[in-house]
Structures are given as structure tokens and as C-alpha cells.
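K.L.:
Numbering (full-length UniProt numbering), first residue to last: 1 to 296. Where is the CB? At the ideal position from N, CA and C, for every residue including glycine. Just so we're clear, the structure is a prediction, and the values are computed from it rather than from any experiment. So that we are looking at the same thing, I have put the structure below in C-alpha cells.
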């Protein structure tokens, strides 16, 4: 443990104290006779009264909840404000009772988030005359963040991801909306990334699978083999047709009105109908066949 000068207070030795090294106490200024007005006092404009409902994550008839303008080091930092321009001591009995209900409800909503162990509730009121309570979520397992210095740690720790922050805001707002009011904060949109094309395999995928990529030469070879197969099939069909014609001329084929050995009647060679009486299909020319796609 770092040696602390006797003049330093004991809390500088606490594990939760966020600083170490040589420390010294600031010189205390003399008190002023009149304190300056807070925001919302005197002629100073109240920023809370001027803010629209869209600047909050949840709004109700008499209460509103807002967040910071960007993520910070803690999982969640929220502010509960009264809709009316009142300070704590100015609350009527109805709002005072609702303040207790809203405090418990908001604490439960924040504590329901993943990774949140405790929720600290603070009220200072030195900067604004409009009533506002701070709710700070302490991360689970971070024992060094316990206690008084949690607001300081919020500024020291690295900021959480913005997508996580926005999702947490939407969850808290939805929790509060279950009891009334309106949810303003929405979850972040999912960034979908569609593939450039469907049904094709990239060269990188084929290479990883151990198959050579399909080149122009290989495509020519495949098409050439397909053309050779088509030519062989056509030649076989023409040869079979010629054999059928020769058999018909010799009188060996029995057709309608024909006689074995070449009697009276029509010759089989004079018609294109085969023995079963069905018209014979013409051979499909090789150059008119549909091209075969390359083998992947």
C-alpha cells in the first residue's frame, strides 16, 4: 500500500479511491456572500423544461428519464426528472409518493441489465434547480468501484460500446413502459450485409477446398468434351436411322398395308412411321443443343 502523508484523509487509502501517488489537498476558497443562481433560477433558463420528450428515453405524465449524450465507462447512467419545475423540497405529497415508486422501479430496471450488480442513487442539485436524481450502475464483480467514488470511475473507465449502450437504454425504457408512459429509446438497427451474388462459389472458396479455379482454358475443354459427346450421339442416331431405312427397303419391316417379302401395298421405305405406327423423332443437331454449364 502506498504511504500516504498524515495530512491526507483516510479515504485516500481505500481500494476504491481511483488515484495514487503524491497527493495534496487544494487550498479552500473563501466563502462567497451570495451564491450564483443555478440553472432554472432567477433569469437563467431551465434546460430540463426546454428539452422535448424526444430527448429522453422514457416519458410519462409527471416524470421523465434521460441518458447522457454518449456512452461512458459504466454500463448505465440515467437521470430521473420531474416534468414540473420543482425542487425536492417543493414536491407536493402526490409527487413525493410517486418519487419513491419511480426510484424503486428505475432501480429494478437498471439492475435487470446484464453485468450490473448494484445501482447507486444520488441527488446533488447544485447545478440545476430542476429536480433530478442520478442512477449509476456498478458493474458486477468490480469491487474496486464500490462506494463513494463510482461517479469518478465513470469518467476514468473506457466507454462501453455504443451498440451495447443503446440496447441497454431500450431495455430500460421498455421496462418502464410496462407500467405506463411511452418508450422513446429504440434498440439499434441490425447492420445486415447481403452477399454480392447468390449461387456462385468464389475462387477463394474453391482454392481453400483444394479445387483449382475454373479458367477460360478449362471452360473450353469442358465445352469441347460436351460438343464431342453431342457429335457422337448425333452420329449414332443417324446410323440407326439409316439401318432402319435399309431394313424397310428389304421388306423385313411390317407396316400398315405391307406384306412380308414385298407384296402389294405401300412400302415401308415410303413412310417415316416406324413399326409401332408412331412418328420417329428427329435427331437434335449438335450445334442447337443447350450449352452445358462448366463443372465446378
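In chain order, what are the residue ranges of uninterrupted beta strand (DSSP E) at least 3 long that sit wholly in the segment 117-184?
P.N.:
132-139
K.L.:
Restricting to Cα atoms, I'd like to know which of 133, 129 and 167 is closest to residue 123.
P.N.:
133
K.L.:
Report yes or no: do three or more beta-carbon pairs, one from the segment 103-110 and one from the segment 159-167, lie closer than 8 Å?
P.N.:
no
K.L.:
My output table needs one value for residue 97: the three-state DSSP class, helix, strand or coil.
P.N.:
If DSSP states are grouped into helix, strand and coil, residue 97 belongs with the helices.
K.L.:
Checking the sheet assignment: what are the DSSP bridge partners for residue 194?
P.N.:
DSSP lists no partner for residue 194.
K.L.:
On the DSSP bridge list, what partners appear for residue 14?
P.N.:
According to DSSP, which records beta bridges pairwise, residue 14 is partnered with nothing at all.
K.L.:
Sorted by chain position, which residues of the same chain lie with C-beta nearer than 6 Å to residue 53's C-beta, five sequence neighbours on each side aside?
P.N.:
59
K.L.:
Residue 80 bridges to which residues according to DSSP?
P.N.:
65 and 133
K.L.:
Could you check which residue in 119, 125, 103 and 82 has the C-alpha nearest to that of residue 75?
P.N.:
119
K.L.:
Check whether the segment 76-95 and the segment 130-149 touch, using three or more Cβ-Cβ pairs below 8 Å as the test.
P.N.:
The segment 76-95 makes contact with the segment 130-149: 3 or more CB pairs, one atom from each, lie closer than 8 Å.
K.L.:
Count the other CB atoms within 10 Å of the CB of residue 192; is the residue buried (16 or more) or exposed (fewer)?
P.N.:
Exposed, since its Cβ has fewer than 16 Cβ neighbours within 10 Å.
K.L.:
From residue 111 to residue 182, what does the alpha carbon distance come to, in whole angstroms?
P.N.:
20 Å
K.L.:
Per DSSP, residue 104 forms a beta bridge with which residues?
P.N.:
Answer is none; residue 104 lacks a bridge partner.
K.L.:
Go through its chain and collect everything with a Cβ distance to residue 185's Cβ below 6 Å, but skip five positions before and after it.
P.N.:
So the list reads 57, 169, 170 and 173, once near-sequence residues are dropped.
K.L.:
With residue 49 as the anchor, note down where its alpha helix (DSSP H) starts and where it stops.
P.N.:
47-50
K.L.:
Does the distance from the CB of residue 129 to the CB of residue 39 come in under 8 Å?
P.N.:
Here residue 129 is near residue 39, since their CB atoms are less than 8 Å apart.
K.L.:
Quick check on the burial criterion: 16 or more other C-beta atoms within 10 angstroms. Buried or exposed for residue 188?
P.N.:
exposed
K.L.:
According to DSSP, is residue 228 part of a helix, a strand, or is it coil?
P.N.:
Annotation note: pLDDT 48 at residue 228 (below 50); position unreliable, coordinate value reported separately. In the structure shown, residue 228 sits in a helix (DSSP, three-state: H, G or I).
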